[in-house]
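Here is the structure we will look at.
Residue numbers (our numbering), protein chains in the order written: chain A, 233 to 486; chain B, 3 to 110.
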């Protein structure tokens with residue numbers, strides 16, 4: 233028994249792998265297929281015939297995907313793990329900020345110490361989130377397929393998060409050292425917490441120099457290396473210039 | 003009669019813009035309309051229309067929105083924007099110039 237929904241699902245999987253981060257485009261193409269199938273069935277085709285005709289007329293999946301790839305890469309923020317990472321980072325940051333503002337208002341701890349705690353904690357969490365995104369990517373790569381678009385999204389997410397982690401941790405370490413000068417008698421004393429902070433800074437500094445594709449925010453230090461993996465500039469084409477690619481449109485046999 | 007690929011490609015944007023000038027429409031309907039108007043001579047590979055729509059939207063000539071049609075299914079509808087109207091007027095003048103020139107040469 234022919235199952236249209238099953239065929240649509242299989243088609244959708246194939247298209248989604250070819251058009252990652254373009255869910256809306258896949259939705260639109262699916263909506264088209266449903267219209268075409270419905271129309272053919274109304275005109276008397278069997279569901280199976282209707283499906284075969286509709287999917288044939290839609291064209292080769294790779295050719296359609298190649299057309300979309302001529303546009304710039306979709307923004308990394310459309311990548312679900314990137315949004316998830318931002319949320320995971322923002323939630324504890326907001327909670328901690330609320331807690332520390334309350335503490336400061338109640339004159340518990342100096343402003344310097346509370347700012348230090350905020351910057352260090354959020355910086356560390358950001359670094360952990362980088363690791364979580366990396367781990368998720370490895371799993372996804374192993375089981376769900378992967379594409380160059382996702383590689384770029386991962387690179388951009390990695391660059392943004394690592395830069396944020398590095399900036400916050402640096403600020404935290406500096407604030408902490410000034411607090412320590414006043415309360416512990418010296419800027420730096422190589423205790424385990426301080427060594428930990430220094431290690432995170434060293435790793436962050438090293439990581440922003442890794443040659444990853446699409447790492448925009450880390451580009452300050454490694455612009456040259458990143459450029460190799462940056463999205464191809466999509467040349468804006470003028471309307472009516474007749475530059476539609478080969479196989480774009482076909483005319484029927486006479 | 004096979005219409006050359008270049009010509010098919012060049013005419014896609016003005017055809018889409020002209021149909022949208024009549025009102026909002028969606029991909030499947032656009033393809034059908036062009037096929038009917040051309041007497042079946044202009045048949046687009048269905049999947050290739052959508053990247054063209056995407057490009058026109060990126061250029062700010064048309065805008066899209068998802069809407070639930072009468073049959074309960076969601077479709078992405080496209081509408082012409084003011085800049086699209088302007089672009090269409092320009093293209094129309096260009097096409098008419100080409101058409102007029104050829105017509106004189108061919109004596110029709």
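In this text, a Cβ means the ideal position worked out from N, Cα and C, and glycines have one as well.
Since residue 299 of chain A meets chain B, which of its residues come closer than 7 angstroms, beta carbon to beta carbon?
50 and 53
Can you give me the Cβ contacts of residue 423 of chain A inside the same chain, cut-off strictly under 8 angstroms, excluding the 5 residues immediately before and after it?
none
With a cut-off of 8 angstroms on the beta carbons, I'd call residue 433 of chain A and residue 405 of chain A a contact; round off their distance for me.
Confirmed, about 7 angstroms.
When we look at the beta-carbon of residue 73 of chain B and count the other beta-carbons within 10 Å, is it buried (16 or more) or exposed?
exposed
Measure from the C-beta of residue 30 of chain B to each C-beta in chain A and report whether the shortest distance is under 8 angstroms.
Closer than 8 angstroms to some Cβ of chain A, the Cβ of residue 30 of chain B qualifies, so yes.
Give the DSSP bridge partners of residue 356 of chain A, in chain order.
Answer is none; residue 356 of chain A lacks a bridge partner.
So residue 353 of chain A and residue 343 of chain A are supposed to be a Cβ contact under 8 angstroms. How far apart are they, rounded?
Residue 353 of chain A to residue 343 of chain A, Cβ: 16 angstroms. No contact.
Using 8 angstroms as the threshold, is the segment 354–362 of chain A in touch with the segment 276–290 of chain A, meaning 3 or more CB pairs across them?
No, the segment 354–362 of chain A is not in contact with the segment 276–290 of chain A.
What are the partner residues of residue 66 of chain B, as DSSP defines its beta bridges?
DSSP lists B:80 as partners of residue 66 of chain B.
Quick one: is residue 267 of chain A near chain B, going by C-beta distance under 8 angstroms?
yes
Beta carbons nearer than 7 angstroms to chain A: which residues of the segment 64–89 of chain B have them?
Within the segment 64–89 of chain B, the residues whose Cβ lies closer than 7 angstroms to some Cβ of chain A are 75, 76, 77, 78 and 89, listed in chain order.
Looking at C-alpha atoms only, which residue of A:340, A:348 and A:392 is the closest neighbour of residue 365 of chain A?
The candidate whose alpha carbon is nearest that of residue 365 of chain A is A:392.
Would you say the segment 8–26 of chain B touches the segment 257–271 of chain A, given that touching needs at least three Cβ pairs under 8 angstroms?
no
Alpha-carbon spacing of residue 394 of chain A relative to residue 96 of chain B, whole angstroms
52 angstroms
Residue 397 of chain A vs residue 436 of chain A beta-carbon contact at 8 angstroms
yes
First through last residue of the alpha helix (DSSP H) which encompasses residue 315 of chain A
312–337
C-alpha gap between residue 430 of chain A and residue 420 of chain A, whole angstroms:
Looking at the two C-alpha atoms, the distance is approximately 11 angstroms.
Beta-bridge pairing of residue 28 of chain B - partner residues as DSSP gives them
B:79
Rounding to the nearest angstrom, what Cα-Cα distance links residue 30 of chain B and residue 40 of chain B in this structure?
Residue 30 of chain B and residue 40 of chain B have their alpha carbons spaced roughly 16 angstroms apart.
Checking contacts by CB at 8 angstroms: is residue 341 of chain A closer than that to chain B?
no
Proximity test, Cβ basis, 8 angstroms: residue 99 of chain B and chain A:
Output row for residue 99 of chain B: interface = no.
Decide if the segment 252–269 of chain A is in contact with the segment 285–295 of chain A; the criterion is three or more beta carbon pairs, one per stretch, under 8 angstroms apart.
yes
Using beta carbons (cut-off 8 angstroms, strictly below), is residue 60 of chain B in contact with chain A?
At least one chain A Cβ lies under 8 angstroms of residue 60 of chain B.
Nearest-angstrom Cα distance between residue 107 of chain B and residue 85 of chain B?
Taking the straight line joining both Cα atoms gives about 34 angstroms.
Would you say residue 333 of chain A faces chain B, with C-beta separation under 8 angstroms as the test?
No, no contact with chain B.
Quick check on the DSSP output: the alpha helix (DSSP H) that includes residue 271 of chain A runs from which residue to which?
255–274
Three-state secondary structure (DSSP) at residue 419 of chain A?
Looking at residue 419 of chain A - three-state DSSP - the assignment turns out to be coil, as it is neither helix nor strand.
Would DSSP call residue 303 of chain A helix, strand or coil?
coil
Taking the Cβ atom as the reference point for each residue, do residue 245 of chain A and residue 297 of chain A lie within a distance shorter than 8 angstroms?
no
So, at 7 angstroms on beta carbons, what are the nonlocal neighbours of residue 238 of chain A in its own chain, with the 5 sequence-adjacent residues on each side left out?
The beta carbon of residue 238 of chain A sits closer than 7 angstroms to no other beta carbon from its chain once the five residues preceding and following it are set aside.
Would residue 258 of chain A count as contacting chain B if we go by Cβ distances under 8 angstroms?
no
Output yes or no for whether 8 angstroms exceeds the beta carbon distance between residue 313 of chain A and residue 254 of chain A.
no
Out of B:76, B:62 and B:75, which has the shortest C-alpha to C-alpha gap to residue 89 of chain B?
B:62
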